[in-house]
Amino acid sequence: MNQQQLGRPPSYTNNRPTSPISHGGQQQPPPIATNLQYPNPMNGPPGYGMQQQMAPSIPAPLSNNQYPGRNPAVEIEGGDRSKAQLIVGIDFGTTFSGVAYAFATNNQASEDIITQWPGAGNHAKQKIPTVLYYDQYQKVVGWGPDIADALAPTGYPKPQVQKSEIDVAADYLFKLRQAIRAQLQKALGEVFTREERNIRYYLTVPAIWNDAGKAATRTAAIQAGFLRDENDNRLTLVSEPEAAALFCAKSGLLNLKVGDAILIVDCGGGTVDLIAYEVEEEQPFSVMECTAGSGDSCGSTALNRNFSNILRAKIRKMKLPDGSRTAGKVYAKCIMDFENRIKADFRNNGQKWAVDVGIEADFPDAGIEEGYMTFMNEEILQCFEPVVNRILELVRNQIIAIQAQNRLIQNVLVVGGFGASEYLFQQIKLHVPPQYQTKVVRPMDSVAAIVKGAVTAGITERVITHRVARRHYLMATLQPFKEGYHPEQYRVPSLDGRDRCKYTRQIFVQKGERVRIGEPVKVSFFRQVAPGATLMYEDVLYACDEDVCPEYTKDPRIKEVVTLTSDLSRKNLETDFERMDTPQGIFYRVYFDIYLTLDGSEFSAELVCQNEIMGRCRAKFR
Numbered sequence: 001m002n003q004q005q006l007g008r009p010p011s012y013t014n015n016r017p018t019s020p021i022s023h024g025g026q027q028q029p030p031p032i033a034t035n036l037q038y039p040n041p042m043n044g045p046p047g048y049g050m051q052q053q054m055a056p057s058i059p060a061p062l063s064n065n066q067y068p069g070r071n072p073a074v075e076i077e078g079g080d081r082s083k084a085q086l087i088v089g090i091d092f093g094t095t096f097s098g099v100a101y102a103f104a105t106n107n108q109a110s111e112d113i114i115t116q117w118p119g120a121g122n123h124a125k126q127k128i129p130t131v132l133y134y135d136q137y138q139k140v141v142g143w144g145p146d147i148a149d150a151l152a153p154t155g156y157p158k159p160q161v162q163k164s165e166i167d168v169a170a171d172y173l174f175k176l177r178q179a180i181r182a183q184l185q186k187a188l189g190e191v192f193t194r195e196e197r198n199i200r201y202y203l204t205v206p207a208i209w210n211d212a213g214k215a216a217t218r219t220a221a222i223q224a225g226f227l228r229d230e231n232d233n234r235l236t237l238v239s240e241p242e243a244a245a246l247f248c249a250k251s252g253l254l255n256l257k258v259g260d261a262i263l264i265v266d267c268g269g270g271t272v273d274l275i276a277y278e279v280e281e282e283q284p285f286s287v288m289e290c291t292a293g294s295g296d297s298c299g300s301t302a303l304n305r306n307f308s309n310i311l312r313a314k315i316r317k318m319k320l321p322d323g324s325r326t327a328g329k330v331y332a333k334c335i336m337d338f339e340n341r342i343k344a345d346f347r348n349n350g351q352k353w354a355v356d357v358g359i360e361a362d363f364p365d366a367g368i369e370e371g372y373m374t375f376m377n378e379e380i381l382q383c384f385e386p387v388v389n390r391i392l393e394l395v396r397n398q399i400i401a402i403q404a405q406n407r408l409i410q411n412v413l414v415v416g417g418f419g420a421s422e423y424l425f426q427q428i429k430l431h432v433p434p435q436y437q438t439k440v441v442r443p444m445d446s447v448a449a450i451v452k453g454a455v456t457a458g459i460t461e462r463v464i465t466h467r468v469a470r471r472h473y474l475m476a477t478l479q480p481f482k483e484g485y486h487p488e489q490y491r492v493p494s495l496d497g498r499d500r501c502k503y504t505r506q507i508f509v510q511k512g513e514r515v516r517i518g519e520p521v522k523v524s525f526f527r528q529v530a531p532g533a534t535l536m537y538e539d540v541l542y543a544c545d546e547d548v549c550p551e552y553t554k555d556p557r558i559k560e561v562v563t564l565t566s567d568l569s570r571k572n573l574e575t576d577f578e579r580m581d582t583p584q585g586i587f588y589r590v591y592f593d594i595y596l597t598l599d600g601s602e603f604s605a606e607l608v609c610q611n612e613i614m615g616r617c618r619a620k621f622r
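Sequential numbering of the sequence shown, starting at 1, is according to the UniProt record's numbering.
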């Protein structure tokens with residue numbers, strides 16, 4: 001069995017259709033011509049016909065009811081929901097997961113954490129391991145704490161099977177959903193039976209996850225049965241630091257004025273995420289990101305890897321044969337004790353750590369005497385130092401960025417399971433500037449802050465209003481060719497007789513730009529299409545993490561994010577679009593708009609053509 005953890009150039013026309021959305025009289029820039037489709041006999045140069053001129057419009061607000069299925073992050077519209085609503089928050093973590101729920105009435109509710117789980121007996125557990133065990137037939141035989149039948153006699157998982165990441169996540173979420181249903185049925189009885197089909201789920205994800213990771217999470221949730229299909233909008237993904245901020249705000253931990261800043265340091269199992277918020281309003285309380293969030297894969301699993309390396313080196317000194325059950329027993333017991341005791345209690349105070357490994361023989365070279373393996377303080381410190389140093393670097397960089405915005409930091413909130421480490425907490429306090437050392441705090445319920453905050457996201461009105469873009473978003477264009485400026489190898493001909501430069505780019509969201517949540521970015525396109533050509537088009541969305549974005553999309557620092565397929569097949573090319581008679585033949589100008597959600601919540605792309613909402617673009621992430 002296997003354990004898996006989880007320039008804007010001139011437009012060709014000024015007669016483009018108006019948007020179905022009112023923009024307050026704001027003049028709209030010309031559209032992007034993303035494709036010049038030649039008749040088949042005209043063989044254009046390689047790469048020609050794939051992109052053309054581009055000019056994204058200014059972001060325009062869209063009301064939620066214009067796009068069925070849109071579910072803004074961290075908000076439930078009070079007028080759109082029943083008087084009472086069952087809300088479930090899920091902290092789907094790398095190492096541990098937790099669930100909380102609330103039966104909300106008129107924005108008032110308290111979060112209850114599910115603590116009874118299959119396999120845990122009478123032990124109350126706020127979190128359970130994010131672990132699955134499979135047999136050779138790919139059947140799940142153990143999950144979370146329910147692993148009695150999952151392990152071989154050595155304590156190791158049995159031989160592995162291969163499954164995709166989405167399938168593994170879906171298998172775990174399916175088991176989690178079964179347990180949630182059972183516990184809610186016990187706690188709520190008929191209320192659960194009545195409300196089950198209307199449950200709204202708020203699932204937390206690391207803030208550093210990209211759009212592809214979020215999309216995969218939603219796919220897994222659908223596969224696990226949380227949602228009926230991809231059009232079911234009862235699931236909202238919430239970033240873990242946002243959930244923590246919501247929890248702390250609701251709990252009264254924050255005493256902030258307009259313009260004050262708070263830094264959330266969410267230390268989890270797989271990742272550490274940092275986001276700084278600036279208070280926008282005190283009543284009702286709302287915040288906006290004041291710096292671009294940051295993070296890294298330096299959570300507590302990195303400690304486990306470091307400890308495992310030290311432990312394996314000690315076990316090798318036992319000089320036992322490969323596959324020794326004694327060695328396996330020692331390894332399993334030490335790993336378990338590190339996870340359950342040493343990691344949380346370590347303070348770098350010179351303490352020695354003795355682990356009962358349950359063997360009679362002594363192995364002095366390996367530090368085993370009288371049934372105990374001893375770890376020195378310096379050995380445990382070696383596990384922590386590189387991980388904690390990376391976290392301190394992230395904290396330092398965020399504080400510098402906040403100070404550059406001339407904002408006063410009122411609190412540094414340390415949350416998450418790894419945030420409960422006393423050594424980590426004290427190191428953060430020690431290494432922030434002296435004026436902030438008393439401002440480093442950890443909520444009493446820091447481990448549950450994320451999952452409770454997920455429920456709070458479903459209870460409260462929107463708290464977070466803006467996010468800061470962590471990367472540039474752009475699309476490829478064909479711009480008028482400039483002699484001596486554009487690379488000659490990028491020159492391509494055009495229908496209007498003016499050469500173009502391919503692989504040029506137009507940025508429509510700048511890295512560091514403040515983006516309002518719930519307001520999509522409108523990007524307008526047009527194509528010159530030959531009679532009989534398809535009305536299905538593909539466009540690639542690119543991103544760049546550099547502070548200064550390179551000029552051409554062929555630069556390796558610019559990455560493809562997603563391919564968007566726009567389906568206009570409900571339209572009639574000859575009757576619905578403008579005809580053009582040129583020396584090269586007859587063409588039609590096809591105009592359409594794509595509204596992109598790039599506010600840091602889940603990515604979506606809505607297609608609009610001639611005042612008609614055509615639905616969502618199909619998105620294939622790279």
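Built from N, CA and C at the ideal position, the CB exists for glycine as well.
- Around L573, the same chain offers Y588 as residues with beta carbons nearer than 6 Å, after the five sequence neighbours per side are excluded.
- With contacts defined as CB atoms closer than 7 Å, D593 and S524 qualify as a contacting pair.
- Taken in chain order, the complete alpha helix (DSSP H) segments of 4 or more residues contained in the stretch 373-445 are 377-404 and 422-431.
- One alpha carbon belongs to D567, the other to G600, and they sit about 25 Å apart.
- Bounds of the alpha helix (DSSP H) holding T219 are D211 to Q223.
- In this structure, D296 is the residue among Q283, Y277, L263 and D296 with its C-alpha nearest to the C-alpha of G270.
- In this chain, the beta strand (DSSP E) harbouring K620 covers R618 to F621.
- The beta carbons of F621 and A220 sit no closer together than 7 Å.
- A261 is a Cβ neighbour of E278, given a cutoff of 7 Å.
- Shown here, Y485 sits in coil according to DSSP, grouped into three states, outside any helix or strand.
- Leaving aside the five residues that flank R618 on each side, the residues in its chain whose CB is nearer than 8 Å to its CB run, in chain order, L564, T565 and D567.
- Here L607 carries a strand assignment [DSSP, helix/strand/coil].
- Non-local beta-carbon contacts of A212 in its own chain, meaning distances under 6 Å to residues more than five positions away in sequence, involve F621 in chain order.
- Looking from the CA of R341, the closest CA among E422, P118 and L274 belongs to E422.
- Per DSSP, I459 is one residue of the alpha helix (DSSP H) stretching across A449 to I459.
- For P480, the pairing in a beta bridge is given by DSSP as R500.
- The three-state reading of DSSP puts E370 in coil, since its state is none of H, G, I, E or B.
- Taking each of A243, I166 and Q85 in turn and checking the Cα distance to T105, the smallest one comes out for Q85.
- DSSP, reduced to helix, strand and coil, places L568 outside both helices and strands of the structure shown, so it counts as coil.
- Taking the Cα positions, E606 is about 25 Å away from Y503.
- Sorting R500, L474, Y201 and I87 by C-alpha distance to the C-alpha of E483 places R500 at the top.
- Ranked by Cα distance from V265, the first of V529, F103, A420 and V548 is A420.
- Only residues of its own chain outside the window of five on either side were considered, and among them A170, L173, F174 and R177 have a CB closer than 7 Å to the CB of A224, listed in chain order.
- T597 has its alpha-carbon roughly 43 Å from the corresponding atom of Q382.
- Between the beta-carbon of M373 and that of C334 there is about 6 Å, and that keeps the pair under the 8 Å contact cut.
- Each residue's CA atom was taken as its position, placing G98 and Q479 some 51 Å apart.
- Q126 carries a coil assignment under DSSP once its states are collapsed to helix, strand and coil.
- Relative to A327, the option among A302, I368 and A354 whose CA is nearest is I368.
- The DSSP assignment places complete beta strand (DSSP E) segments of no fewer than 3 residues inside the stretch 264-347 at 272-281, 286-289 and 294-296, in order along the chain.
- Under DSSP, M580 takes part in a beta bridge, and its partners are F587.
- Between the alpha carbons of A102 and N233 lies a distance of about 19 Å.
- The C-beta separation of T477 from R505 comes to about 6 Å, placing the pair in contact by the 8 Å criterion.
- From the listed residues G144, L184 and A179, the smallest Cα separation to V168 is found for G144.
- Taking the Cβ atoms as the reference, K439 lies roughly 6 Å from I409, within the contact range of under 8 Å.
- For Q510, the three-state secondary structure derived from DSSP is coil.
- Membership of V168 in the alpha helix (DSSP H) is indicated by the continuous run E165 to L188.
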